[in-house]
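Numbering (this note's numbering), first residue to last: 24 to 416.
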Ligand code: ATP
Ligand code: MG
């Protein structure tokens, strides 16, 4: 069957009044972005309180649906057959053909749901339901009507043209990106942080990202991997501005001046401070990390408290209560897993202590950090001034 349009279903809770426009406009914008590289020409528009994707001419159906399935805010995607109104006799033939092609398995129950926005149409909705139901029963005797709980609900909408649709392909849910401000993701090359970014973007938050690398201890390839991950996340979140911060001198300085068992926590605190600097500069409303309680020494409750104290913006940790397995499942679903497990060095693992503190005491950490007083401000400023910015889309 050839589908000419998609009717986009979205959740409507909490989007009354002015919010509804913001929500729909953001949804339209995100759909356009998602379809930018798909084969075909698409007209994404709002009509009668709904959002439609009209496909002009030839297009790649599978790729279109896959792309729409990544647009947050979409609850369901209905492929629509659009027909010219060539009289009721033709409509009967078209409805029969639709069921014939879309449902090879005929042993199913159905219901026709007709609606007319064009009231001049010669049959009213009830008549359309009865007549078209009769057409299907005649053509496919195995099919039965069930008006309460049908397996197939065939919508017939009479407007300028006539729309037929019955399938609902589930969308990702959530809210359109851009309806809830933006946040700064601390993006490493691991499994967790891309998933964390995905989860916050799902709630309508646009993403920026900051990656800390430590050349020559971490390679160009490790950085490329992070760019690749940002690109995979951007398929859901829209464009991501990625800050690549050279962290080497700061790490070496901490390594030189601070107790080795506190290295990871102190490094993490400086990452938060630098990420927060870029976040505030760009109006981000929070930071995002892939931390989860107890996953490693630097993510015990005490460690999280010490890390958290380094910045003032709220830190969103959407994976906080997740087991690794649950995080891996999501990373597989969103297609970041294979990239995340590529074996490139991470700046944290290179400088990691054999026996890191698992219960850091904030006062002690702050005391250790005083050993950095002489040069740390200057090093942070240099790291900020030499940031490399990559627009990922
Ligand atoms: P991930 O799989 O996201 O790398 P992880 O289990 O390796 O997480 P950690 O290395 O302890 O965990 O890092 C915790 C969080 O700190 C990460 O999820 C990420 O948000 C941030 N982070 C760690 N290293 C970096 C880095 N090099 N650049 C940017 N953010 C980082
Ligand atoms: Mg990591």
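Yeah, the Cβ is synthetic: ideal placement off N, Cα and C, and Gly gets one too.
Predicted model, so just to flag it, every value in this text is computed and none were measured.
Three or more pairs of CB atoms, one per stretch, sit closer than 8 Å, so the segment 390-403 contacts the segment 273-286. Short note on residue 380: C-beta not closer than 7 Å to any heavy atom of the ligand ATP. Contact between residue 33 and residue 103 fails: their C-beta atoms lie close to 16 Å from each other, not under 8 Å. DSSP, reduced to helix, strand and coil, places residue 233 within a strand of the structure shown. A contact between stretches requires three or more CB pairs, one per stretch, nearer than 8 Å, and the segment 116-126 fails this requirement with the segment 68-81.
In the structure shown, residue 166 adopts coil according to DSSP, grouped into three states.
Taking C-alpha positions only, residue 411 is separated from residue 207 by approximately 16 Å. Runs of the beta strand (DSSP E) spanning 3 or more residues and lying entirely within the segment 164-207 occur at 175-181, 185-188, in chain order. Between the alpha carbons of residue 232 and residue 112 lies a distance of about 58 Å. Exclusion of residue 375 from the 7 Å shell around the ligand ATP follows from its C-beta lying no nearer than that to any non-hydrogen atom of the ligand.
Boundaries of the alpha helix (DSSP H) around residue 403: 399-408.
Taken in chain order, the complete alpha helix (DSSP H) segments of 4 residues or longer contained in the segment 291-370 are 324-331, 347-356, 360-363. According to the DSSP secondary-structure assignment, residue 99 is paired through a beta bridge with 32, 193. Shown here for residue 242: same chain residues with a beta carbon closer than 7 Å to its own, the five before and five after excluded, namely 367, 368 in chain order. Following the DSSP letters along the chain, one finds residue 134 inside the beta strand (DSSP E) bounded by residues 132-139. Taking all protein chains in view, the Cβ of residue 346 is surrounded by fewer than 16 other Cβ atoms within 10 Å, so the residue is classified as exposed. Taking each of 215, 272, 317, 255 in turn and checking the Cα distance to residue 349, the smallest one comes out for 215.
By the CB criterion at 8 Å, residue 234 and residue 210 fall inside the cutoff. Contact between residue 224 and residue 260 holds: CB atoms are separated by about 4 Å, below the 8 Å threshold.
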